[in-house]
Amino acid sequence: MVGIPGEHACAAIREMKQDVYEYVDSYFKLPMQELIYSGYFNSIPNHNMPRIDVDGCVCDAQGGLYPSLKPPCSKRPPGRPRHCQIESQFS
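Counting from 1, position 47 in the sequence shown corresponds to residue 47 in the UniProt record's numbering; the numbering is continuous, with no gaps.
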């Protein structure tokens, strides 16, 4: 068995009165995960990233100003949504 056992395999393993964690691949256990992620990550430089001004405008790397996007101010009407009814072919 490779990886993590599925639901049916876990049920069968428990039926045999054995520990499910003995059937989990060592890559998924804590000591191996700590070993995998023990290094460090190099950060990505963000020199071309836009920035947001105090007034909410977005400034790009070339100095262009863009208004920030706002969510739509429409509210969903209360109650059940209306649907267009399909006319019956028999009437």
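Virtual Cβ for every residue (Gly too), placed ideally from N, Cα, C. For clarity, every value in this text was computed on a predicted model and none was experimentally measured.
I need the straight-line Cα distance from residue i to residue j, nearest angstrom please.
| i | j | result |
| --- | --- | --- |
| Asp23 | Ile36 | Here residue 23 is Tyr; the residue named in the question, Asp, does not match the sequence. The straight-line gap from Cα to Cα measures roughly 20 Å. |
| Phe28 | Gly6 | 14 Å |
| Asp25 | Gly79 | 51 Å |
| Pro72 | Glu87 | 34 Å |
| Arg82 | Arg76 | 12 Å |
| Ser38 | Tyr21 | 23 Å |
| Met32 | Asp19 | 19 Å |
| Ala9 | Leu30 | 21 Å |
Just to confirm before moving on: does the CB-CB distance between residue i and residue j stay below 8 Å?
| i | j | result |
| --- | --- | --- |
| Asn48 | Ala61 | yes |
| Ile52 | Ser68 | yes |
Query raised in the report: Fully enclosed by the segment 48-75, which alpha helix (DSSP H) runs are 4 residues long or longer?
Result: The segment 48-75 contains no complete alpha helix (DSSP H) run of 4 or more residues.
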